[in-house]
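**Student:** Take a look at the following structure, please.
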Amino acid sequence: MKKQTKFKETEIGKTHEDWEERKIRDCIELFYGKGLPERQRKKGSIPVFGSNGIVGFHDEASVKGPGIIIGRKGSVGEITFSKQDFWPIDTTYYVQTKQGNDMGFWYYFLKTLGLNRMNSHSAVPGLNRDNVYEIDRAIPNFIEQRAIASILNSLDDKIALNRSMNTTLEAIGQALFKHWFVDFEFPNGEGKAYRSSGGEMVKTELGKVPRGWRVGMLGKFCDIIMGQSPPGTTYNEIGEGLPFYQGITDFGFRFPSRRVYCTAPTRFAEEGDVLLSVRAPVGSLNVADERCAIGRGVAALRMKGKQHGYLYYLLCATQSGWNKFEAEGTVFGSVNKADVNDFKVILPSETLRNNFGSLMEPLDKQIMNNEKQSQTLATIRDAILPKLMSGEVRVGAS
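In terms of my numbering, the sequence shown is residues 2 to 399.
See the structure below:
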């Protein structure tokens, strides 16, 4: 028979009867990171952590991994994890667990404490570890801690695997685009590499290109939709209306992250449209994975048929062309519709663009599937995290 879950009332509220009420100071200790200016870092593979994650690499570690890093200054309360030896700099704390406590469990448990809301009221806000130490919580035993961490870590490992796979697939796509449209080694009528087989090249303002290709402006072969921001009163975070993307803060690896929704959108992007950041930094890219609303920091670019795959890789390959808009004397770079319309690119034949799009279609679909699976896994993880940490859902308990 399944054992009935029992709770008890304590000073900190209802907790599971066999979890022990403890202060954080009894379970872990927070140590100051050590300064390591960028000029002092040597080439290596040891991650250097700042308050919001990895900020560089070095050739030696100051802390043995695995370990937890907590933002002390800057991104206060931000929590990251290193599976390997690492160097936390002086804007961070790093965590050492005391006997009977599991590092993996505490990485997830600390995320539930709202440390980002514990800024001290000094001239330079920061996280005071004494305030953290005084927090009371009900803590499971070591065996249950490890079981909880194992479940959550398995979800994060799968998300990381998907991310790694997508990075590889993205690199393959960009390498093939370069081979065809930068090195001009696309297959000719005989299936041989065009340029290496003596394919004819002609001069253009952007350099030599295969005969039949031309230089054109983006606005000549794709539709450009500039974003527009509706009143802030139409925004929400509870999923009402369409996902609303306002700029690079919403951009993910390839697809944007849903944070804000809008009930009265005025400008739209459709699934497959390339999303271009038009405010600092100009030129960052994402792809719309569904119909969405776009704000004034984003433009949507749309091509017909399977050429939207070609368009994304084209814009990746020409991304440096937007740099001039970041260096024209303004504090923050930006582009308008005319700038996007007049952006010059090399334009191959429609047949070749379609062939490339067809070739990339299964690869791009796999990237999207991996991303959607990761989003689902992250939703599951975030939903069960508080339940596991409160004892509402039990694992590893006798």
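Heads up, the beta-carbon is just placed ideally off N, CA and C, and yes, glycines get one too.
Restricting to runs no shorter than 3 residues, where is the beta strand (DSSP E) found entirely within the stretch 330-389?
**Tutor:** Segments of the beta strand (DSSP E) lying fully in the stretch 330-389: 345-348.
**Student:** Can you name, in chain order, every residue of its own chain whose Cβ lies under 7 Å from the Cβ of residue 3, other than the five neighbours on each side?
**Tutor:** Only weak support is given to the placement of residue 3: the predicted model assigns it a pLDDT of 43, under 50, and the value that follows is read from those uncertain coordinates. Same-chain partners within the cutoff: there are none.
**Student:** Going by DSSP in three states, residue 250 sits in which element: helix, strand or coil?
**Tutor:** Note: residue 250 maps to helix in three-state DSSP.
**Student:** So who's on the other strand from residue 139, going by DSSP bridges?
**Tutor:** According to DSSP, which records beta bridges pairwise, residue 139 is partnered with 22.
**Student:** Would the stretch 57-65 and the stretch 82-98 be scored as touching if the rule is three or more Cβ pairs under 8 Å?
**Tutor:** Yes: at least three Cβ pairs fall under 8 Å.
**Student:** Output needed for residue 381: all residues of its chain with C-beta closer than 8 Å, excluding positions within five of it in sequence on either side, in chain order.
**Tutor:** Result list for residue 381: 156, in chain order.
**Student:** To the nearest whole angstrom, what separates the beta carbons of residue 268 and residue 308, a pair I think is in contact under 8 Å?
**Tutor:** About 22 Å separates the two Cβ atoms, so there is no contact after all.
**Student:** On the DSSP bridge assignment, give the partners of residue 166 in chain order.
**Tutor:** None, per the DSSP bridge assignment.
**Student:** Name the residue from 78, 272, 298, 170 whose alpha carbon lies nearest to the alpha carbon of residue 130.
**Tutor:** With distances taken between Cα atoms, residue 130 lies closest to 78.
**Student:** To the nearest angstrom, report how far apart residue 396 and residue 149 are at their CA atoms.
**Tutor:** Looking at the two C-alpha atoms, the distance is approximately 6 Å.
**Student:** Between the Cα of residue 290 and those of 255, 176, 111, 115, spot the shortest distance and give me the residue it belongs to.
**Tutor:** Comparing Cα positions, the closest option is 255.
**Student:** Could I get the ranges of all uninterrupted beta strand (DSSP E) runs contained in the stretch 188-242, with 3 residues as the minimum, in chain order?
**Tutor:** With a minimum length of 3 residues, the continuous beta strand (DSSP E) runs that stay inside the stretch 188-242 are 202-205, 208-211, 215-218, 224-227.
**Student:** Using 8 Å as the threshold, is the C-beta distance between residue 209 and residue 203 below it?
**Tutor:** In this structure, residue 203 lies closer than 8 Å to residue 209 by Cβ.
**Student:** What distance in whole Å lies between the Cβ atoms of residue 279 and residue 335, which are believed to be in contact at a cut-off of 8 Å?
**Tutor:** At roughly 6 Å, the Cβ-Cβ gap stays under 8 Å, so residue 335 and residue 279 are in contact.
**Student:** Assign residue 365 to buried or exposed, taking buried as 16 or more other Cβ atoms, counted over all protein chains shown, within 10 Å of its Cβ.
**Tutor:** It counts as buried.
**Student:** DSSP three-state label for residue 155, please.
**Tutor:** Here residue 155 sits in helix by DSSP.
**Student:** Quick one: what does DSSP say residue 145 is sitting in, helix, strand or coil?
**Tutor:** Residue 145: helix per DSSP, three-state reduction.
**Student:** Could you check the C-alpha separation between residue 42 and residue 35 for me, to the nearest Å?
**Tutor:** When rounded, the distance between both Cα atoms is 13 Å.
**Student:** Residue 30 by DSSP, collapsed to three states: which one?
**Tutor:** Residue 30: strand per DSSP, three-state reduction.
**Student:** Return the first residue and the last residue of the beta strand (DSSP E) that residue 51 is part of.
**Tutor:** 47-51 is the extent of the beta strand (DSSP E) around residue 51.
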